[in-house]
Structure formats: C-alpha cells, structure tokens
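K.L.:
Right, I'll just put the structure down here and ask away after.
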Amino acid sequence: MGVCVPEEYGGAGADFLSYILVLEELSRADAGVGVTVAVHTSAVTLPILTFGTDEQRSRFVPPLARGEHLGSFALTEAEAGSDAGALRTRAEPDSEGWRITGAKQWITNARFAGTVLLFARTDLDAPGAGGVSAFILDGDHIRVTRDEEKLGLNSSITNDIVVEGATIGRDRLLHEEGKGFRVAMTTLDGGRIGIAAQALGIAQAAYDAARAYALERRQFGKRIADFQAIQWKLADMATEIDAARLLVYRAAELKQRGEPHTEAGAKAKLFASEMARRQTAEAIQIFGGYGYTKEFPVERYYRDAKITEIYEGTSEIQRLVIARSILGLTERALAQG
Ligand SMILES: Cc1cc2nc3c(=O)[nH]c(=O)nc-3n(C[C@H](O)[C@H](O)[C@H](O)COP(=O)(O)OP(=O)(O)OC[C@H]3O[C@@H](n4cnc5c(N)ncnc54)[C@H](O)[C@@H]3O)c2cc1C
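When we follow my numbering, the leftmost residue of the sequence shown carries the number 1407, and every step to the right adds one.
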C-alpha cells in the first residue's frame, strides 16, 4: 500500500515505475484489487506527499503507506463527472476552519476509507473550477449511502457518500484555498498512468489464458492454435499489449524523472484501455462458448476492462487532453483529464 512512498513516511521507498509494475501485476490477477491500491496510492497518498505541509505528510501518510488506513478520492458528483469543476459540495468558513456539506458519487474505497481526499467549493461565487479547494477528511467525516452494483470490478467497492456539516480545522486544507482543482488535475495526471497499467494487466491475463487455451483446444483434428485465424488474433494481441506496455512505462518514467507527463499519460491510458477492451473480447472469441461462461476467467477480464475507458477521465477526455497538448492550446482542460 506504500510501494512508492519514501521509507521515512512508512513506505517501501520504491520508484514510480516499480509501483506501476505492481499495479499491472495485481490487475493481472484481479483488477478490483488493482484499482483499490491505485486509488489509495495515486489519488490519495501521493497528492498528500506532493501538496501537503510537513505536518500533513507526517500525520496522514504513514498510516496510508503502512496500509492501516485505506485512502479514498472524492471528486465526482451527480452533476459533475467529466466536468468536475461543476462540483457543488460546499465548504463554508466557520470559526475553526470549514463546515463541509454535500454528496459525492461513485467513490472507490469509501466504505472502508480511513482518509478521504475530498474536493469542495470554498468560493461559491467563483466560476467553475476557480473556487474549489482540496481537504483531507477522516473516514468518519463521511457517511456512505450506497454500495454501487457494477458490470465488473466486483472486488472493488464503489460508494455514494454524503458529508453532513462536517467541521474541520485549517490543518486539513491541502495546498492553497481555491487551488484544489490543480491538486485534482495533477493527481489525475499521474493516476491515469496507474489505470493504464491496470488495463495492461487485464489484457495480459486475457492473452495468457487465450494462448494457453488455443494450444490445448482441438477442433477438426487440430489444435485451434494451428488455424491461421486464431494465430492472427494472438499475434495482434501480443503486439498491442507490447505497444501499450511501452506507452505505460514511458509515461511512468517521465513522471518518475519529474518531467511533463500529461500527454504521455493520456496516450497510455487511451491506448491501453481501448486495447484491453478489444483484446479481452478477442480472448472470449478464442475460447468460443466456454469464453462466455463463468467456468473460465475471460468473461471477467472483459467486464473489468471496460471501466478503464471511463474512470480517471473517459477516452473522450483523454483525446481532448492529447489534442490540447499537441495543438499547443493554452486553455487547461477543465475536465477530469
Ligand atoms: C467504478 C467507478 C469507480 C469510480 N471511482 C471514482 C473515485 O474513486 N473518485 C471519483 O471522484 N470518481 C470516481 N468515478 C467517477 C468517474 O471518474 C466518472 O464516471 C468519469 O469521470 C466520467 O464522468 P461521468 O460518469 O459523469 O460521465 P459524463 O461526464 O456524464 O460523460 C458521459 C459521456 O459524455 C462524454 N463527454 C463528457 N464531456 C465531454 C467533452 N467535453 N467532450 C467529449 N465528450 C464528453 C464522456 O466521455 C462520456 O462518453 C468512478 C466511476 C466508476 C464507474
């Protein structure tokens, strides 16, 4: 739970690429476990390390890095998805600091969270993303109102939550007041490399299963791997997985070196997630009817792969981010991307 967190804060002290390899491998076994760790690390622990004061880092990071607290990232609301800057959760000033009220939707890990990075509007008059601030809440500042039922990713919990007038002190403001959107966007810049690694892990698992099955299953007196139609599917799978892997590792290395990685991360997530959706479907095809049943894991890979095209910025938002970067447009995407 603290792979790339420095040892002084209770982590393993490994680098960001090592953390990405961990996410890939976890997701190869179970994508729900992959996203549990990805949100906990990329979307909660790392932003506290990046934007926190010394006091916030020493107070909040060690329990997260040691896995004593699970982290949750609360940005999305019913009316604020891709357009996260439209969020309406309010943080009103009071004598201690702020009083927070609002509702968030589809929050990974929330039911079991010890630490919640939550985004709320501190300036009700500022347009869009301008008046948003980031806060570090405890699990008991929020109340879970629903466990979402999903197509896949069933070992990961996804919750609707409410915050009902939680009073928090100034020591829980992360970064500057009104600069929360920068925290969110920087977080998602790195977070989406983790989701790309998740997609890669799922696709690798589907390929491994399909390859093994193709070498075993016999029809017309031959292994199905002897049919060119199946060989081409496996060749395309192996090629696309390699391409995704190179994009993911490049983005991770850029982040590791502290270099700009917004465009590289968006390209990695866009390609890896769409590749995973395509290739998990092909894995089912190689399994034939067995692929459609729960007897084999490939139907799960297919269901799990789909979400990687949606969260931490949809594929459409990734294209927007890439287009803005390659066209040199100065306006920053006010979107989850
Ligand atoms: C399982 C799961 C876990 C999640 N975990 C978290 C979490 O931990 N924390 C959190 O804060 N959120 C979380 N989310 C929310 C997730 O990040 C959002 O669902 C995602 O950002 C998309 O927002 P939306 O669903 O409101 O879609 P919308 O924004 O309503 O988009 C609908 C469609 O319109 C397209 N679209 C929107 N705007 C544009 C545009 N400008 N140009 C082109 N197309 C556009 C989208 O790409 C999409 O195809 C989770 C969601 C799921 C399903």
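Glycine included, every Cβ here is placed at the ideal spot set by N, Cα and C.
Do the CB positions of V1467 and L1455 come within less than 8 Å of each other?
P.N.:
Taking 8 Å as the Cβ cut-off, V1467 and L1455 qualify as a contacting pair.
K.L.:
Return yes when the C-beta of S1488 is under 7 Å from any heavy atom of ligand 1, and no when it is not.
P.N.:
With a threshold of 7 Å, the Cβ atom of S1488 counts as near ligand 1, since some heavy atom of the ligand is closer than that.
K.L.:
What first and last residue would you give for the alpha helix (DSSP H) that runs through G1584?
P.N.:
Per DSSP, G1584 belongs to no alpha helix (DSSP H) and is neither H nor E.
K.L.:
Compare the Cα-Cα distances from L1427 to each of E1413, I1599, L1493, T1573 and report the closest residue.
P.N.:
I1599
K.L.:
Tell me whether F1479, by its Cβ, gets closer than 7 Å to a heavy atom of ligand 1.
P.N.:
Yes, the beta carbon of F1479 sits closer than 7 Å to at least one heavy atom of ligand 1.
K.L.:
Can you tell me the Cα-Cα spacing of M1407 and I1713, whole angstroms?
P.N.:
22 Å
K.L.:
With H, G and I counted as helix, E and B as strand and the rest as coil, what does DSSP make of P1499?
P.N.:
strand
K.L.:
Tell me, please, whether the CB atom of G1520 is closer than 8 Å to any CB atom in chain B?
P.N.:
Here chain B cannot be found, since the structure has a single protein chain.
K.L.:
Are the beta-carbon atoms belonging to D1553 and N1565 less than 8 Å from one another?
P.N.:
yes
K.L.:
In whole angstroms, give me the CA-to-CA distance for A1687 and Y1708.
P.N.:
6 Å
K.L.:
Could you check which residue in A1540, G1536, G1491 has the C-alpha nearest to that of G1504?
P.N.:
Note that residue 1504 is Trp in the sequence shown, not Gly. Answer by Cα proximity: A1540.
K.L.:
Is it the case that the Cβ atoms of I1506 and A1572 are separated by a distance below 8 Å?
P.N.:
yes
K.L.:
In whole angstroms, what is the alpha-carbon distance linking L1740 and G1491?
P.N.:
Unreliable placement is indicated for L1740, whose pLDDT of 46 sits below 50; the coordinate value is still reported in the next sentence. Their Cα atoms are separated by approximately 6 Å.
K.L.:
Taking the runs of the alpha helix (DSSP H) that are 4 residues or longer, which of them lie wholly in the segment 1517 to 1567?
P.N.:
Listed in chain order, nothing qualifies, since the segment 1517 to 1567 has no complete alpha helix (DSSP H) run of 4 or more residues.
K.L.:
Please classify K1510: does DSSP put it in a helix, a strand, or coil?
P.N.:
If DSSP states are grouped into helix, strand and coil, K1510 belongs with the strands.
K.L.:
Helix, strand or coil for I1426 per DSSP?
P.N.:
helix
K.L.:
G1571 by DSSP, collapsed to three states: which one?
P.N.:
strand
K.L.:
Between the C-alpha atoms of G1743 and G1584, what's the straight-line distance to the nearest angstrom?
P.N.:
Here G1743 scores only 40 on pLDDT, less than 50, and its place in the model should not be relied on; the value that follows carries that caveat. Their backbone Cα atoms lie some 19 Å apart in a straight line.
K.L.:
Under the criterion of a Cβ to heavy atom distance below 7 Å, does V1788 qualify as lining ligand 1?
P.N.:
Residue 1788 lies beyond the residue range present for the chain, which begins at 1407 and ends at 1743; the question has no answer from this structure.
K.L.:
With hydrogens ignored, establish whether the beta-carbon of E1555 is closer than 7 Å to any heavy atom of ligand 1.
P.N.:
No, the beta carbon of E1555 sits no closer than 7 Å to any heavy atom of ligand 1.
K.L.:
On the CB-based measure, 16 or more other CB atoms within 10 Å of its CB, does P1533 come out buried or exposed?
P.N.:
exposed
K.L.:
Going by alpha carbons, who is nearest to V1439 out of D1614, A1618, G1607?
P.N.:
G1607
K.L.:
How many angstroms separate the CA atom of R1434 from the CA atom of I1548?
P.N.:
32 Å
K.L.:
Exposed or buried, which one is L1735 when buried takes at least 16 other CB atoms within 10 Å?
P.N.:
exposed
K.L.:
So what does R1505 bridge to, in DSSP terms?
P.N.:
E1498, T1573
K.L.:
Helix, strand or coil for A1480, going by three-state DSSP, please let me know.
P.N.:
strand
K.L.:
How should S1679 be labelled, buried or exposed, when 16 other C-beta atoms within 10 angstroms of its C-beta is the threshold for buried?
P.N.:
buried
K.L.:
If V1411 and A1480 are in contact, beta carbons under 8 Å, what's the gap, nearest whole angstrom?
P.N.:
Not quite, the Cβ-Cβ distance comes to about 21 Å (not below 8 Å), so this is no contact.
K.L.:
Pick helix, strand or coil for A1739, following the three-state DSSP scheme.
P.N.:
Low confidence applies to A1739: its pLDDT is 46, below 50, so where it sits in the model is not reliable, and the reading given next is rough at best. DSSP places A1739 in coil when its eight states are reduced to three.
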